[in-house]
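Visitor: Below you'll find the structure I mean.
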Amino acid sequence: MTVSDFLWDRLHAWGVRRVFGYPGDGINGLVGALDRAKDRLDFVQVRHEEMAAFMACAHAKYTGEVGVCLATSGPGAIHLLNGLYDARLDHMPVLAIVGQQARAAMGGHYQQEVDLPSLFKDVAGAFVQQASVPAQIRHLVDRGMRIAMANRRVTCLILPNDLQELDAVEQPERKHGTVHSGLGYARPVVIPTQAEGQRAADVLNAGSKVAILVGAGALHATDEIIAVADRLGAGVAKALLGKAAVPDDLPFVTGSIGLLGTGPSWDMMTECDTLLMVGSGFPYSEFLPKEGQARGVQIDVDPAMLSLRYPMEVNLVGDSRGTLDALLPLLQQKTDRSWRERIEGKVAKWWKTLEDRAMQPAEPLNPQRVFWDLSPRLPDRCIIAGDSGSHTNWYARDVKLRRGMMGTLSGGLATMGSGVPYAIAAKFAHPDRPVLAICGDGAMQMNGLNGLITIAKYWREWADPRLVVLVLNNRDLNQVTWEQRVMAGDPKFLGSQSLPDLPYHKLAEMLGLRGIFVDRPEDVAPAWVAAFSADQPTLVEFYTDPNVPPLPPHITLKQARALMSSMFGEPELGSVVMNTARQVFASVLPGSREEREPKARD
8 MTVSDFLWDR LHAWGVRRVF GYPGDGINGL VGALDRAKDR LDFVQVRHEE MAAFMACAHA
68 KYTGEVGVCL ATSGPGAIHL LNGLYDARLD HMPVLAIVGQ QARAAMGGHY QQEVDLPSLF
128 KDVAGAFVQQ ASVPAQIRHL VDRGMRIAMA NRRVTCLILP NDLQELDAVE QPERKHGTVH
188 SGLGYARPVV IPTQAEGQRA ADVLNAGSKV AILVGAGALH ATDEIIAVAD RLGAGVAKAL
248 LGKAAVPDDL PFVTGSIGLL GTGPSWDMMT ECDTLLMVGS GFPYSEFLPK EGQARGVQID
308 VDPAMLSLRY PMEVNLVGDS RGTLDALLPL LQQKTDRSWR ERIEGKVAKW WKTLEDRAMQ
368 PAEPLNPQRV FWDLSPRLPD RCIIAGDSGS HTNWYARDVK LRRGMMGTLS GGLATMGSGV
428 PYAIAAKFAH PDRPVLAICG DGAMQMNGLN GLITIAKYWR EWADPRLVVL VLNNRDLNQV
488 TWEQRVMAGD PKFLGSQSLP DLPYHKLAEM LGLRGIFVDR PEDVAPAWVA AFSADQPTLV
548 EFYTDPNVPP LPPHITLKQA RALMSSMFGE PELGSVVMNT ARQVFASVLP GSREEREPKA
608 RD
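As structure tokens, this is what we get:
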């Protein structure tokens with residue numbers, strides 16, 4: 008058994024069953040050993056190492072397991088970084104295994120020689136080690152896996168290529184200076200003391216207008232969140248990574264928060280007198296209550312995330328499900344339901360507003376219509392993989408996730424190009440479930456098109472072949488275009504923002520996948536039905552209007568002035584003005600046009 012054989016054997020003992028990567032001569036020993044271990048470990052060949060890291064991160068998000076990625080030395084290792092930072096910023100356990108030049112060549116300005124421990128020190132700062140001798144492999148693997156699991160962090164093992172081919176040392180010699188490690192880690196359920204729980208309950212019981220904000224740390228606590236919200240008569244807002252924590256069809260769920268958020272979430276945060284924050288590191292404090300407005304209680308398993316966004320009165324270190332379960336008996340049932348009823352009324356009105364915005368005409372297609380028609384056609388247990396772009400606004404606001412669905416994206420890093428790799432990882436992790444990737448044309452040109460090649464290579468291995476790729480083709484780097492208009496007061500810079508118009512559905516067909524093209528509103532719903540009933544992966548290209556504004560839940564005077572300023576020199580002035588007017592009108596007078604214009608019907 009070589010060092011490489013032993014490494015994969017040890018990772019298998021830790022429960023690893025899949026590795027995402029790309030070969031290279033810096034990892035020839037590891038790749039050869041993977042082939043010998045193919046009855047126990049699956050190797051997923053990606054098109055670029057960045058995608059391997061994205062897939063490892065997504066595997067962790069969709070399974071709770073450690074994601075593992077593999078890359079060669081030098082350029083391959085460097086390519087991993089963006090995907091690893093995605094995992095780092097979203098607190099996901101990922102182990103990166105990278106090659107290195109031969110030990111005798113180190114320090115000799117050798118080909119592809121990169122100071123990898125220094126390169127990975129930030130992204131994998133919890134544990135990054137370069138092996139020197141075979142006797143290290145056992146404890147490096149054990150520590151890399153255990154630290155990734157326990158701290159929910161990225162870890163990294165660096166193996167020189169000559170070391171990979173040496174004989175393994177499965178059990179180090181028992182002498183001074185050796186390390187003798189073992190397998191296994193079980194995550195404890197951390198619960199605050201009863202005294203701290205009572206302090207938190209006293210604050211929550213005293214409030215008459217309680218708001219709850221949940222994030223990714225509450226994804227496994229759906230029933231507990233609902234029970235606490237019912238007891239307190241509270242509304243529930245969701246950070247984007249926590250969108251699947253509670254179903255969107257509950258009347259007291261106000262939806263997402265922040266620039267991509269909803270009106271009811273904004274209103275609830277500006278009017279509440281008590282804030283309960285659960286498993287969320289939502290970064291934008293301007294969308295939380297003003298300091299001094301509300302008393303605060305926060306629950307997070309990571310003490311470093313406590314009282315970071317809002318000065319909390321009680322900070323509880325603990326698992327969200329266990330802590331909420333312990334807190335519930337201490338909470339008093341709110342008999343005055345006026346606050347809850349007010350929230351539910353605003354939520355009901357908001358859904359009508361979103362529908363009216365989605366039904367506004369655009370040239371040729373309103374992007375909101377794509378998402379509004381999607382929600383009722385999402386299959387049960389569907390898994391959604393989002394990307395970063397203007398489409399993220401519509402996913403955050405318009406898509407109604409039901410119980411049993413999963414949905415995530417690049418949160419802390421908000422990187423483009425993650426959607427299709429995420430979807431592929433979801434499909435490998437859950438081959439019997441339908442998966443949807445949500446992408447813009449910028450993200451497709453960045454990584455998505457290459458990801459289609461990977462889908463074409465592997466899709467016949469999946470029990471359920473349904474992997475649907477949504478592409479919003481608006482010929483524009485649209486999110487940044489609107490940020491330039493609204494934040495900087497600059498018109499659209501065509502040289503920076505305009506994208507080549509590609510036939511994405513035809514490119515999918517060239518790879519043997521199904522392609523659907525939609526540029527009329529009446530064809531949106533039938534396209535979704537066809538895509539989710541197909542017997543092969545399907546790309547649906549929606550040819551949408553880039554000038555439909557992703558209106559924030561609250562428009563500040565500064566934003567309004569910037570938008571007005573950007574109109575001087577705006578190359579698409581007429582379209583921007585017309586679409587903005589339609590969206591604002593729909594916000595002011597929500598509901599169907601028939602409700603607003605009864606005389607017109609007569």
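Using our numbering, the letters of the sequence shown correspond one by one to residues 8 to 609.
Built from N, CA and C at the ideal position, the CB exists for glycine as well.
Assuming residue 403 and residue 426 make a contact with CB atoms under 8 Å, what is their CB distance in whole Å?
Guide: No, residue 403 and residue 426 are not in contact; Cβ-Cβ is about 14 Å, not under 8 Å.
Visitor: How close, in whole Å, do the beta carbons of residue 315 and residue 92 come, if the pair is a contact with beta carbons under 8 Å?
Guide: Wrong, their Cβ atoms sit about 20 Å apart, outside the cutoff.
Visitor: In the DSSP output, what is residue 27 paired with across the bridge?
Guide: Looking at the DSSP assignment, residue 27 forms a beta bridge with 51, 76.
Visitor: Let me know the secondary structure DSSP gives residue 18 once reduced to three states.
Guide: It is helical.
Visitor: Near residue 434, what residues of its chain come up, given a Cβ to Cβ distance below 6 Å and the 5 sequence neighbours on each side ignored?
Guide: Only 442, 469, 474 meet the Cβ criterion.
Visitor: Rounded to whole angstroms, what is the Cα-Cα separation between residue 18 and residue 554?
Guide: Roughly 50 Å separates the two Cα atoms.
Visitor: When we look at the beta-carbon of residue 291 and count the other beta-carbons within 10 Å, is it buried (16 or more) or exposed?
Guide: With fewer than 16 Cβ atoms within 10 Å of its Cβ, residue 291 is classed as exposed.
Visitor: Using 8 Å as the threshold, is the C-beta distance between residue 85 and residue 121 below it?
Guide: Yes, these two residues count as a Cβ contact at 8 Å.
Visitor: By Cβ distance, which residues of its chain are closer than 7 Å to residue 199, with the 5 residues on each side in sequence left out?
Guide: These residues qualify, in order along the chain: 323, 324, 325, 330.
Visitor: From residue 281 to residue 216, what does the alpha carbon distance come to, in whole angstroms?
Guide: Approximately 6 Å, taken between the alpha carbons.
Visitor: How would you label residue 149, buried or exposed, when you count the other beta carbons within 10 angstroms and need 16 or more for buried?
Guide: Residue 149 should be labelled buried.
Visitor: Out of 534, 552, 436, point me to the one whose CA is closest to residue 545's CA.
Guide: Answer by Cα proximity: 534.
Visitor: Should the stretch 275-289 be called in touch with the stretch 235-246, which here means at least 3 C-beta pairs below 8 Å?
Guide: Contact holds: three or more Cβ-Cβ distances are below 8 Å.
Visitor: Write down every uninterrupted run of the alpha helix (DSSP H) in the stretch 215-281 whose length is 4 residues or greater and which is fully enclosed by it, in chain order.
Guide: Listed in chain order, they are 229-239, 270-278.
Visitor: Does the beta-carbon of residue 350 have 16 or more other beta-carbons within 10 angstroms, so that it is buried, or is it exposed?
Guide: Counting Cβ neighbours within 10 Å, residue 350 comes out buried, since at least 16 surround it.
Visitor: Note down, in chain order, each residue of its chain lying with its Cβ closer than 7 Å to the Cβ of residue 279, except the 5 sequence neighbours on either side.
Guide: The residues are 216, 217, 218, 296, 301.
Visitor: Rank 8, 54, 59 by C-alpha distance to the C-alpha of residue 25 and give the top, closest one.
Guide: Out of 8, 54, 59, 59 has the C-alpha closest to the C-alpha of residue 25.
Visitor: Going by the beta-carbon positions, is the gap between residue 105 and residue 130 smaller than 8 Å?
Guide: No; because the gap between Cβ atoms is not below 8 Å, this pair is not in contact.
Visitor: Within its chain, find whatever has a CB closer than 6 Å to the CB of residue 319; leave out the 5 residues flanking it on each side and keep chain order.
Guide: Counting only Cβ-Cβ distances below 6 Å, and skipping sequence neighbours, we find 303, 305.
Visitor: Pull the bridge partners of residue 165 from the DSSP assignment, please.
Guide: Paired residues: 105, 137.
Visitor: Given a cut-off of 8 Å, decide if residue 508 and residue 371 are closer than it, judged by their beta-carbon atoms.
Guide: Not in contact: residue 371 and residue 508 (Cβ atoms no closer than 8 Å).
Visitor: What is the rounded straight-line gap between the Cα of residue 602 and the Cα of residue 197?
Guide: For residue 602, the predicted structure reports a pLDDT of 41, less than 50, and the residue's modelled location is therefore unreliable. The matter cannot be settled from this model.
Visitor: Could you tell me how far apart the beta carbons of residue 63 and residue 71 are, in whole angstroms, since I believe they sit closer than 8 Å?
Guide: That belief does not hold up - the Cβ atoms of residue 63 and residue 71 are roughly 13 Å apart, past 8 Å.
Visitor: Decide if the stretch 220-237 is in contact with the stretch 180-197; the criterion is three or more beta carbon pairs, one per stretch, under 8 Å apart.
Guide: Touching, no, given that fewer than three Cβ pairs across the two stretches are closer than 8 Å.
Visitor: Got a sec? Which residues, its chain only, sit under 8 Å from residue 612 by beta carbon, not counting five neighbours each side?
Guide: The chain is shown from 8 up to 609; residue 612 falls before or after that span and cannot be answered.
Visitor: Cβ of residue 163 versus every heavy atom of the ligand ZN: is any distance shorter than 7 Å?
Guide: No copy of the ligand ZN occurs in the structure displayed, which carries no ligand at all.
Visitor: Could you check what DSSP says for residue 305 in three-state terms: helix, strand or coil?
Guide: Strand, per DSSP.
Visitor: From the DSSP output, in three-state form, read off residue 408 for me.
Guide: Coil.
Visitor: Give the DSSP-derived three-state secondary structure of residue 197 in the structure shown.
Guide: Of the three classes helix, strand and coil, the one that applies to residue 197 here is coil, per DSSP.
Visitor: Taking the alpha-carbon positions, what's the residue 501 to residue 580 distance?
Guide: Residue 501 and residue 580: Cα-Cα distance of roughly 13 Å.
Visitor: Determine the direct distance from the alpha carbon of residue 83 to that of residue 450, and round the result to whole angstroms.
Guide: Their Cα atoms are separated by approximately 21 Å.
Visitor: So, for residue 333: in the same chain, excluding its five sequence neighbours on each side, which residues have a beta-carbon less than 7 Å away from its beta-carbon?
Guide: These residues qualify, in order along the chain: 198, 204.
Visitor: Tell me the rounded alpha-carbon separation between residue 394 and residue 250.
Guide: Distance between the alpha carbons of residue 394 and residue 250: 14 Å.
Visitor: Please list, in chain order, all residues of the same chain as residue 523 whose beta carbon is under 8 Å from its beta carbon, the five residues on each side excluded.
Guide: Within the same chain, residue 523 has close Cβ partners 512, 534, 537, 538, 545, 546, 547, 548.
Visitor: Which of helix, strand or coil does DSSP assign to residue 591?
Guide: Helix.
Visitor: I'd like to check one pair, residue 484 with residue 506: are the Cβ atoms closer than 8 Å?
Guide: In this structure, residue 484 lies closer than 8 Å to residue 506 by Cβ.
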